[in-house]
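Count along the sequence shown starting at 1, add 8, and that's the number in my numbering.
A virtual CB, placed ideally from N, CA and C, is assigned to each residue, including glycine.
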Amino acid sequence: MGPKRQPTLDEVAARAGVSRSAASRVINNARHVSQAKRDAVERAVAELGFVPNPTARALATQQVGAVVLALSHHDPAQFTDPFFAQIILGVNAELEKTDLELLLVLANTTQGQARLQRILKSRRADGVMLMALRGDDPLAALADRHDVPVVFGGRPLHAEPRWYVDADNRGGSRLATEHLIGLGRRHIAVITGHMDTDAGASRHRGYLDAMAVAGLSPSRVEHGDFTESSGAAAMTRLLAAYPEVDAVVAGSDAMAAGALRALKAHGRSVPGDIAVVGFDDLLTALHTDPQLTTVHQPIHGLGREMAKMLLSLIAGEEPHPLVLPTRLVRRASA
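Set out below in structure tokens:
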């Protein structure tokens, strides 16, 4: 009799019910593989008598054990914004299942972008998550210049990356506008966020969709930057230009809170005179007066799914882009 045939890696993966790349990572003692997959592969290895190749083990373990969450924004204070705080918590919740460390990088300046480029060029990170890209941000081309997995949090405005996690911004804004139309409001204004972001542009399109179906004029538009102060300023301009306004769709809870403050200052009642709907469903929505009707997007879930997608890429798998659903949360403001 000749020597016993060695089982292949494909046979181990099939026995364990995992991808070939996941089986390879477990066998070669690489990081960031779920415990369930690790257990399944180890059972298959024992049952089949598989012996790993030492060279393959050396290649598979060339991981540095860190991933980057990079924020491209002109205001460093955005890292303390409740939205980004929830994103970070979601990312961290998923990474806690692994040995990976999380590096936070502000890539809003030339120096910050150069620092991120150095991290990637020297392979000091196994993957990157990019947030808050605006316009033709050079970071959008990051995936094409480095052999490092890149996951986008929200789609860039002028690109369609292979891997991203986003919320249904357009559908959520359409829901908000349809809700106001259903309440009998006909002079509905919109306060947009940054129009050089996909979130800002998509939420405006959702408003336009609903207004078009209802045959209503979508001309009452003012622009903000997702902050409370910009919402207050935009609401003041709307009142001056369109005194007949009876409802407002704001592109974020922060801007909606600013709009409520401006309406109170001008003696308008909410929702009696003007109904207001926000977008995000942050804690802010519970602390406004009145409490804010808003569109809920799963912000914590966005962070978790970004990290999950990146871990899948690092493990050699091929995940699909993901758009998470949004829903309307009714409270007292509309």
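ask   = How many angstroms separate the CA atom of Ser-237 from the CA atom of Leu-97?
value = For this step, residue 237 is matched to residue 229 along the sequence shown. For this step, residue 97 is matched to residue 89 along the sequence shown. Taking the straight line from one Cα to the other gives about 26 Å.
task = Pair every Cβ in the region 196 to 211 with every Cβ in the region 157 to 171, then say whether three or more of these pairs are closer than 8 Å.
result = yes
message = If distances are taken between C-alpha atoms only, which option among Asp-107, Leu-138, Asp-134 and Thr-106 comes closest to Gln-121?
response = Along the sequence shown, one-based indexing puts residue 121 at 113. If we check each option's Cα against that of Gln-121, Leu-138 comes out closest.
message = Excluding the 5 residues flanking Gly-266 on each side, which residues of the same chain have their C-beta closer than 7 Å to its C-beta?
response = For the purposes of this step, residue 266 is taken as residue 258 along the sequence shown, with counting starting at 1. For Gly-266, where only same-chain residues beyond five positions count, the Cβ hits under 7 Å are Glu-236, Ser-237, Ser-238, Gly-239, Ala-240 and Met-243.
message = For the ligand ZN, I want to know if Gly-73 counts as a neighbour, meaning its beta carbon is within less than 6 Å of at least one of the ligand's heavy atoms.
response = The ligand ZN is not part of this structure, which contains no ligands at all.
ask   = Taking C-alpha atoms, which residue in Leu-114, Arg-193 and Ile-95 lies nearest to Asp-288?
value = Taking the first residue of the sequence shown as position 1, residue 288 is located at position 280. Ranking Leu-114, Arg-193 and Ile-95 by Cα distance to Asp-288 puts Ile-95 first.
message = Gly-180 and Ser-260 - do their beta-carbons sit closer together than 7 Å?
response = Looking up residue 260 in the sequence shown gives position 252. Looking up residue 180 in the sequence shown gives position 172. No, Cβ-Cβ distance for Ser-260 and Gly-180 is not below 7 Å.
inquiry  = Here's the rule: buried if 16 or more other CB atoms are within 10 angstroms of the residue's CB, otherwise exposed. What is Thr-296?
reply    = Mapped onto the sequence shown, residue 296 falls at position 288. So Thr-296 counts as buried.
task = Would you decide whether Glu-109 is buried or exposed? Buried here means 16 or more other CB atoms lie within 10 Å of its CB.
result = Position 101 of the sequence shown, counted from the first residue, corresponds to residue 109. Under this definition Glu-109 is an exposed residue.
query = Which term fits Pro-279, buried or exposed, when burial requires 16 or more other beta carbons within 10 angstroms of its beta carbon?
reply = Taking the sequence shown and counting its residues from 1, the one referred to as residue 279 is at position 271. Buried.
task = Report the option in Arg-153, Glu-104, Val-99 and Arg-142 whose CA atom is closest to the CA atom of Gln-125.
result = Translated into the one-based positions of the sequence shown, residue 125 becomes position 117. Ranking the options by Cα distance to Gln-125, first place goes to Arg-153.
query = Where does the unbroken beta strand (DSSP E) through Met-137 begin, and where does it stop?
reply = Position 129 of the sequence shown holds residue 137. That run of the beta strand (DSSP E) goes 136 to 139.
key: Boundaries (first-last residue) of the alpha helix (DSSP H) holding Leu-77   = By one-based count along the sequence shown, residue 77 stands at place 69. It is not in any alpha helix (DSSP H) - Leu-77 instead sits in the beta strand (DSSP E) that spans 74 to 79.
task = Would you tell me roughly how many angstroms separate the C-alpha atoms of Ser-277 and Pro-226, rounded to the nearest one?
result = Taking the sequence shown and counting its residues from 1, the one referred to as residue 277 is at position 269. Taking the sequence shown and counting its residues from 1, the one referred to as residue 226 is at position 218. Each residue's Cα considered, the two are about 23 Å apart.
query = Rounded to the nearest angstrom, how far is the Cβ of Val-136 from that of Val-76, given a contact under 8 Å?
reply = As a first step, residue 136 must be located in the sequence shown, where it is residue number 128. As a first step, residue 76 must be located in the sequence shown, where it is residue number 68. About 5 Å; that satisfies the 8 Å criterion.
ask   = Could you check where the alpha helix (DSSP H) with Asp-18 kicks off and where it finishes?
value = As a working note, residue 18 is residue 10 in the sequence shown. Looking at the DSSP string, the run of the alpha helix (DSSP H) that includes Asp-18 is 17 to 24.
task = Give a yes or no on whether the C-beta atoms belonging to Ala-255 and Arg-228 are separated by under 7 Å.
result = Within the sequence shown, numbered from 1, the residue matching residue 255 stands at position 247. Within the sequence shown, numbered from 1, the residue matching residue 228 stands at position 220. Not a contact, by the Cβ cut-off of 7 Å.
key: Local conformation of Tyr-172 per DSSP, three classes   = Here residue 172 refers to the residue found at position 164 of the sequence shown. Of the three classes helix, strand and coil, the one that applies to Tyr-172 here is strand, per DSSP.
message = Assuming contact is defined by CB atoms lying nearer than 7 Å, are Arg-178 and Ser-210 in contact in what I supplied?
response = Mapped onto the sequence shown, residue 178 falls at position 170. Mapped onto the sequence shown, residue 210 falls at position 202. For Arg-178 and Ser-210, yes; Cβs fall inside 7 Å.
query = Using CA coordinates, which residue listed in Ala-133, Leu-310 and Ala-24 is at the minimum distance from Pro-333?
reply = By one-based count along the sequence shown, residue 333 stands at place 325. For the residues Ala-133, Leu-310 and Ala-24, the minimum Cα distance to Pro-333 belongs to Leu-310.
query = Around the C-beta of Leu-103, are 16 or more other C-beta atoms found within 10 angstroms, so that it is buried, or is it exposed?
reply = Translated into the one-based positions of the sequence shown, residue 103 becomes position 95. With 16 or more Cβ atoms within 10 Å of its Cβ, Leu-103 is classed as buried.
query = Which class does Val-284 belong to by DSSP, given the choice of helix, strand or coil?
reply = Mapped onto the sequence shown, residue 284 falls at position 276. Here Val-284 sits in strand by DSSP.
inquiry  = So Leu-191 and Ala-283 are supposed to be a Cβ contact under 8 Å. How far apart are they, rounded?
reply    = Indexing the sequence shown from 1 puts residue 191 at position 183. Indexing the sequence shown from 1 puts residue 283 at position 275. So it is a contact: roughly 6 Å between Cβ atoms.
ask   = Helix, strand or coil: how does DSSP classify Thr-296 here?
value = For this step, residue 296 is matched to residue 288 along the sequence shown. Coil.
Boundaries (first-last residue) of the beta strand (DSSP E) holding Val-159 = Position 151 of the sequence shown, counted from the first residue, corresponds to residue 159. Looking at the DSSP string, the run of the beta strand (DSSP E) that includes Val-159 is 158 to 161.
key: Three-state class that DSSP yields for His-304 in the structure shown   = Position 296 of the sequence shown, counted from the start, is the residue given in the question as residue 304. Strand.
key: Own chain, CB closer than 7 Å to Ala-31, minus 5 neighbours either side, in chain order   = Position 23 of the sequence shown holds residue 31. Within the same chain, Ala-31 has close Cβ partners Leu-17, Val-20, Ala-21, Ala-24 and Val-49.
query = If we cut at 7 Å on Cβ distances, does Leu-141 have a partner in chain B?
reply = The chain labelled as chain B is not found in the depicted structure, where only one protein chain is given.
Straight-line gap, Pro-300 to Met-263 (C-alpha atoms, nearest Å) = Here residue 300 corresponds to residue number 292 of the sequence shown, with the count starting at 1. Here residue 263 corresponds to residue number 255 of the sequence shown, with the count starting at 1. Here residue 300 turns out to be Leu, not Pro, going by the sequence shown. The alpha-carbon atoms of Leu-300 and Met-263 are separated by roughly 11 Å.
query = Going straight from the alpha carbon of Ala-340 to that of Leu-294, what length do you get?
reply = Here residue 340 is taken as the residue at index 332 of the sequence shown, counted from 1. Here residue 294 is taken as the residue at index 286 of the sequence shown, counted from 1. Rounded to whole angstroms, Ala-340 to Leu-294 spans 10 Å at the Cα level.
request  = Determine the DSSP secondary structure at Val-337, reduced to helix, strand or coil.
outcome  = For the purposes of this step, residue 337 is taken as residue 329 along the sequence shown, with counting starting at 1. In this structure, Val-337 counts as strand in the three-state DSSP scheme.
message = For Gly-214 and Ser-80, what's the separation of their Cα atoms in angstroms?
response = The residue you call residue 214 lines up with position 206 of the sequence shown. The residue you call residue 80 lines up with position 72 of the sequence shown. Cα to Cα, the separation comes out at about 25 Å.
message = Measuring alpha carbon to alpha carbon, tell me which residue in Glu-55, Pro-169, His-231 and His-187 is nearest Leu-147.
response = Locating residue 147 in the sequence shown gives position 139, where the first residue counts as 1. Checking every option, the nearest Cα to that of Leu-147 belongs to Pro-169.
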